[in-house]
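Inspection log for the structure reproduced underneath, given as structure tokens.
Protein chains in written order, with our numbering: chain G, 25 to 99; chain U, 270 to 808.
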């Protein structure tokens, strides 16, 4: 548990360094955090909502290729 | 083979060409000297210098991901800055009721100072309240409004000093230098209150000029009260429109200011790149001035030790080029005088070049001598010309007596004229400190730039946010260092600059290194991909 905490602290420190948190005023920090977490949330949300449909569509596309409804060799 | 090249400094006469693999940038080929052996002795000698000194100098490149993150962080700060500027009134001077006038504060520089640099201002402009010896006392301050203003808390912090240019440790509150300076105040007072050409010259100035000339082994020397002005105000009197100046891209601001004031044509060559310099000179000679006339004169201008890169100029090769094309050399030894060479006489001493081959030797007394001011040394005719024409000589107030005495005493100590081997001891101590510190840093795994004998040690941290993080963390651990970022360096290359001193002891360096090792792990400064020396480094 302790090592997990340490790793988490390290990740957070790197996040702070990359986004220059040490230099920003509180409201700017909040702004950046909001933008970053919103975009991450949206990505996860859209993946959760849309990805299964996309995948099943894709699978069907491949399946239809296997059966002879898609490409058919000219004869 | 590639690895060995960096681990030991021996000569490897096997491979040819420039390598860009693994992020290393090793330069120049060594085999050439073997092939062109039939050339004159001179040529072989410089090739030997080349191979020895190139392998001691390193400029390792950053990993790609770091470069991307650096730019990302920088643009982020810029965007936040623009948002700030758009919505909030700055807490400093604003323009009111100026409709119809051109805005006074509109440049990029102003924006940068207010909205980017201001956030890390606590890492710079730090007031001290002690002698900047091996340790110094920082005055603590807090900023209630994120860098717009500062308040003193009334407390102080004693820190290990890795930021002052006190190379030979002559910044002292006691000892022969301090005592002599006090005596000189009793005799001459604090200031001369006049320029050299009028009533501002006293016996100390004359003695100092003679001693400086003797120190360098040249005919004559002239001294000025300010190092920056020595460059900025003497270059315009040496150059005029129609002259060509070939200048290193990393030259100091004082040189650039002087060159701009002079009106001469300035051509810049890549940092410490002799081949590119030769190409620039050959091209310029071939094309001449814009109106087709030949150049009045060609001046190569360079620094001994570059203050931001920590590299040492490749002097022997440049002297050869100078002789080949009939150019002049102006060598700024601000950081190298006292700090390089076995007698402390700068890069000419370091390479064993005859100082008379350098036409204009310029330097400052601000660093190694623990004083203030600058000098120009060279031939009698040059110095007489400057005595007649230099603005700094005619109009600037002359050097203060105590300051002059400090230089005299410290220079005598360096030369061994005081009858002890104190000077030699200090030079050796600095050389040992430098090598030890640089080797240990390489072992820790951080990227440092420059030559292994240069006491200026820039440690690359790249990210703009890491400069502040490192300086702040080191201050909490009682180490005072100086950070450097854009615009003093390229955006990509934020760095921490350590300046070593003969005053540092091994214990102090070990403490600093252990802290750097620790925060290197924490903040991720260990970028180097070079093989590390597994053996403990000897002091």
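Each residue gets a CB set at the ideal place from its N, CA and C atoms; glycine is no exception.
Closer than 9 Å to the CB of residue 83 of chain G there is not a single CB belonging to chain U. The three-state reading of DSSP puts residue 453 of chain U in helix, counting H, G and I together. Going by beta carbons, residue 734 of chain U and residue 41 of chain G fall inside the 9 Å limit. The beta carbon of residue 765 of chain U sits no closer than 9 Å to any beta carbon of chain G.
Note that the region 658-668 of chain U does not touch the region 425-436 of chain U; fewer than 3 beta-carbon pairs, one per stretch, sit closer than 8 Å. Take the alpha-carbon of residue 671 of chain U and the one of residue 490 of chain U: they are about 19 Å apart. By the Cβ-count criterion, residue 758 of chain U is buried, with 16 or more other Cβ atoms from all chains shown falling within 10 Å of its own Cβ.
Interface criterion not met: the Cβ of residue 419 of chain U is under 9 Å from no Cβ in chain G. Listed along the chain, the chain G residues whose CB falls inside 9 Å of the CB of residue 732 of chain U are 41, 42 and 44.
Within chain G, the residues 47 have their CB atoms less than 8 Å from the CB of residue 389 of chain U, given in chain order. When DSSP states are grouped into helix, strand and coil, residue 632 of chain U belongs to the strand group. With a cutoff of 9 Å on beta-carbon distance, residue 762 of chain U and residue 331 of chain U are scored as near each other.
When C-beta distances to chain G are compared with 8 Å, the residues of the region 405-434 of chain U below that value are 415, in chain order. Distance from the Cα of residue 417 of chain U is smallest, within the candidate group U:397, U:352 and U:359, for U:359. Annotation: residue 638 of chain U is outside any beta strand (DSSP E) and is labelled neither H nor E by DSSP.
For residue 490 of chain U, the uninterrupted beta strand (DSSP E) segment begins and ends at 489-493.
Close CB contacts of residue 626 of chain U within its chain, under the 6 Å cut and outside five residues either way in sequence, are with 588 (chain order). For residue 793 of chain U, at least one C-beta of chain G is nearer than 9 Å to its own C-beta. Collapsing the DSSP output to three states places residue 327 of chain U in a strand. In this structure, DSSP gives residue 410 of chain U an extended state, which the three-state scheme calls strand.
Within the DSSP bridge table, the entry for residue 574 of chain U names U:581 as partners.
For the pair residue 600 of chain U and residue 630 of chain U, the CB atoms are nearer than the 9 Å cut-off. Looking at the DSSP output, residue 516 of chain U sits in a beta bridge with U:537 and U:570. Note on residue 768 of chain U: 16 or more other CB atoms within 10 angstroms of its CB, so buried under the neighbour-count rule. Three or more Cβ pairs drawn from the region 698-718 of chain U and the region 774-788 of chain U lie within less than 8 Å of each other, which places the two stretches in contact. For a cut-off of 8 Å, the C-beta gap from residue 594 of chain U to residue 705 of chain U is around 40 Å, too long to register as a contact. Distance between residue 445 of chain U and residue 553 of chain U, taken at the CA atoms: about 51 Å. In this structure, the beta-carbon distance from residue 604 of chain U to residue 523 of chain U does not fall below 9 Å. For residue 345 of chain U, the chain G residues whose Cβ falls inside 7 Å of its Cβ are 43 and 44, in order along the chain. Only buried fits residue 591 of chain U, as 16 or more other CB atoms lie within 10 angstroms of its CB. Annotation: the continuous alpha helix (DSSP H) that includes residue 789 of chain U extends over 775-792.
Listed in chain order, the positions of the region 479-499 of chain U with a beta carbon within less than 9 Å of a beta carbon of chain G would be empty, since no residue qualifies.
Pairing residue 453 of chain U with residue 673 of chain U gives a Cβ-Cβ distance under 9 Å. Separation of residue 382 of chain U and residue 666 of chain U (C-alpha to C-alpha, rounded to the nearest whole angstrom) is 32 Å. A direct Cα-to-Cα measurement between residue 718 of chain U and residue 581 of chain U gives close to 11 Å. The region 351-387 of chain U is shown to contain whole alpha helix (DSSP H) runs of 4 or more residues at 377-384, in chain order.
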